[in-house]
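Participant: All residue numbers for the sequence shown refer to our numbering, where the first residue is 37 and numbers rise by one.
Glycine included, each C-beta is placed from N, C-alpha and C at the ideal position.
These numbers were taken from a predicted model, which means no experiment stands behind them.
Can you read through this structure? Questions will come right after.
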Amino acid sequence: MLEFKGVYAGYDKENIIKNTTFTVKNGEITVLVGKNGCGKSTLIKCLNRQINIREGKIMIDSKDITLYSPKDRAKKIAIMPQIRSIPSISVEGLAAHGRYPHLSYGRRLGEKDREIVDKALKLTNTEGLRHRNVSELSGGQRQRVYLAMTLAQSSEYIVLDEPAAYLDITYQLELMDMLKLLKSMGRTVLAVYHDLSQALKIADSIGVMENGEVIFQGGVTECLEEKILEKVFRVKAHSISLDSGSFVVFEK
37 MLEFKGVYAG
47 YDKENIIKNT
57 TFTVKNGEIT
67 VLVGKNGCGK
77 STLIKCLNRQ
87 INIREGKIMI
97 DSKDITLYSP
107 KDRAKKIAIM
117 PQIRSIPSIS
127 VEGLAAHGRY
137 PHLSYGRRLG
147 EKDREIVDKA
157 LKLTNTEGLR
167 HRNVSELSGG
177 QRQRVYLAMT
187 LAQSSEYIVL
197 DEPAAYLDIT
207 YQLELMDMLK
217 LLKSMGRTVL
227 AVYHDLSQAL
237 KIADSIGVME
247 NGEVIFQGGV
257 TECLEEKILE
267 KVFRVKAHSI
277 SLDSGSFVVF
287 EK
């Protein structure tokens, strides 16, 4: 289980994250939503140790995250941040970077490592791009390649900050299917989502942030019944049922 316990964190003297308590249960897809600037990406940076926690703790399997070595932490948790560089490297080469926490001195990929990289490329539909340079790809293609690198890390916990960004609707739907597949494989997923309808569709548990705090965490039904999203985003939610299933749409 991944746990945030009374976390305060921020930049300079300002706390962006304030007294945040939040839990990601094993084997579930937990989705974090909130208005722009509420602190979602800052919270993810705390996991990456890009930002030091001023108060509180983050626990991975009941162990303080600060007690893990960088390599051991990377074996436990794979993080795809929202803002990433655009390196001049092949798609296959970038995806292979996900295996580095598992390699011994010399960083040589073994047969098993290459099989894992191939599987990650297949899952993200980037097999046909493997020899292309990442710098030559579109934003959506790069997004999928970085996702392949994250999956190749083979970590128990997968954290994705706005994974659907830059993806067209076809790949957004494929992403949702892939997250369900990862769950069926026993992975635990924490995803920051911008699209509320997709967030509700994919989530086992949903967390809602406002002004640096997680003000709600629970099931989708409870979230809708308590009108949490309507209050935070100042929108109206409507549930629509079709033969293919039900979904929620929002309007002002």
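(1) Nearest by alpha-carbon distance to residue 87: which of 96, 64, 53 is it?
(2) Could you work out which residue in 132, 269, 236, 247 is closest to residue 255 when comparing CA atoms only?
(3) Have a look at residue 238 and residue 250 and give me their C-alpha separation to the nearest angstrom.
(4) Apart from the five residues just before and just after residue 152, which ones in its own chain have a Cβ nearer than 7 Å to its Cβ?
(5) Ignore the nearest five residues each way along the sequence and tell me which others in residue 161's own chain have a CB closer than 7 Å to its CB.
(6) Are three or more beta carbon pairs between the segment 125-132 and the segment 97-117 nearer than 8 Å?
(7) Specify the secondary structure class of residue 206 as computed by DSSP and reduced to three states.
(8) Can you give, in chain order, each stretch of the beta strand (DSSP E) that sits fully within the segment 104-180 and has at least 3 residues?
(9) Would you give the residue range spanned by the alpha helix (DSSP H) that residue 59 belongs to?
(10) Classify residue 80 as helix, strand or coil using the three-state DSSP reduction.
(11) Excluding five sequence neighbours on each side, which residues of the same chain lie with their C-beta closer than 8 Å to the C-beta of residue 159?
(12) In the DSSP assignment, the alpha helix (DSSP H) including residue 238 goes from what residue to what residue?
(13) In the DSSP assignment, find the alpha helix (DSSP H) that holds residue 261 and state where it starts and stops.
(14) Taking only the alpha-carbon atoms, compute the straight-line gap between residue 163 and residue 261 and give it to the nearest angstrom.
(15) Within its chain, find whatever has a CB closer than 7 Å to the CB of residue 62; leave out the 5 residues flanking it on each side and keep chain order.
(16) Going by alpha carbons, who is nearest to residue 50 out of 56, 90, 68, 85?
(17) Run the CB neighbour count on residue 141, radius 10 Å, all protein chains shown included, and call it buried at 16 or more, exposed below.
(18) Out of curiosity, what's the CA-to-CA distance linking residue 182 and residue 245?
(19) When you compare only the Cα positions, how much space is there between residue 247 and residue 171?
(20) Hey, quick one: how far does the alpha helix (DSSP H) through residue 264 stretch, first residue to last?
(21) Return helix, strand or coil for residue 87, following the three-state DSSP convention.
(22) What three-state label does DSSP hand residue 37 in the structure shown?
Facilitator: This is what the structure gives:
(1) 53
(2) 236
(3) 19 Å
(4) 135, 188, 190
(5) 180, 210
(6) no
(7) helix
(8) 113-116
(9) Counting along the chain, residue 59 falls outside any alpha helix (DSSP H), though it belongs to the beta strand (DSSP E) covering 50-60.
(10) helix
(11) 184, 187, 214, 217
(12) 232-238
(13) 256-261
(14) 43 Å
(15) 37, 224
(16) 90
(17) exposed
(18) 26 Å
(19) 36 Å
(20) 264-269
(21) coil
(22) coil
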